[in-house]
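Protein chains in written order, with this note's numbering: chain A, 1 to 112; chain B, 1001 to 1114. For reference, the structure discussed in these notes is given below.
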């Protein structure tokens, strides 16, 4: 079963903050985040492993709460380049084959 | 930089044809994946392979098969193409790990079945 992402779409002005959520009905070992710009391949952002850690680089960070079976991606002071569709990919087992189940995506549009 | 190359960016085929989509990666990755991407449905896994000649079904394998004869190449086969297989197909690869290895994607093949 695919994880549920919310919101499905959001429009923000440059400089505003965004939060994208990813919830699973299964226990999770890890959550991966990717961004896909229109007409391009999805690009890896970060991985969060079981342990509740928070990761980030630049103004994009994420948290993972394995008890709640959910992860959130935080985009701070958004830039035009942040526009795209964000996908979370979840792994319930950590079995080593890196097999992920992806959510349906959140389309983020940043306007000047 | 990792490069995952898909043989065609756009492909048009007719119903009933046997269709081959090819994917090549240059990073010696153990794992390779085939997804299809449809509006509102996200990325859905068709098949994946964790070693040469090894494969496992993903979430939507019906109507598809795969082949991995060499480590760097993973082929997706539509045995008898149907219109409901019109979609964007994405290939990805990764190192083997413990759920801690990113997947690297190709640019995709937009397949239309007429």
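Note that CB positions come from ideal geometry on N, CA and C, so glycine has one too.
**Item:** Cα-Cα separation, residue 17 of chain A to residue 1090 of chain B
**Value:** 30 Å
**Identity of the residue in B:1041, B:1042, B:1087 and B:1059 nearest residue 1048 of chain B by Cα** = B:1059
**Contact set between the stretch 1078-1110 of chain B and chain A, restricted to residues whose Cβ is under 9 Å from the partner** = 1090, 1092, 1094, 1095, 1096, 1097, 1098, 1099, 1100, 1101, 1102, 1103, 1104, 1105, 1106, 1107 and 1108
**Request:** Look up residue 80 of chain A in the DSSP assignment and say whether it is helix, strand or coil.
**Result:** helix
**Asked** Can you list the residues of chain B that residue 64 of chain A reaches, using a CB-CB cut of under 9 Å?
**Response** By Cβ distance, chain B contributes nothing, its closest Cβ being about 12 Å from residue 64 of chain A, past 9 Å.
**Prompt:** So is residue 9 of chain A buried or exposed if we call it buried at 16+ other beta carbons inside 10 Å?
**Reply:** exposed
**N-terminal and C-terminal residue of the beta strand (DSSP E) that residue 1029 of chain B is part of** = Neither: residue 1029 of chain B is in no beta strand (DSSP E) and is coded neither H nor E.
**Asked** From what residue to what residue does the beta strand (DSSP E) around residue 1042 of chain B run?
**Response** 1042-1051
**Asked** Closest Cβ-Cβ distance between residue 57 of chain A and chain B: below 8 Å?
**Response** no
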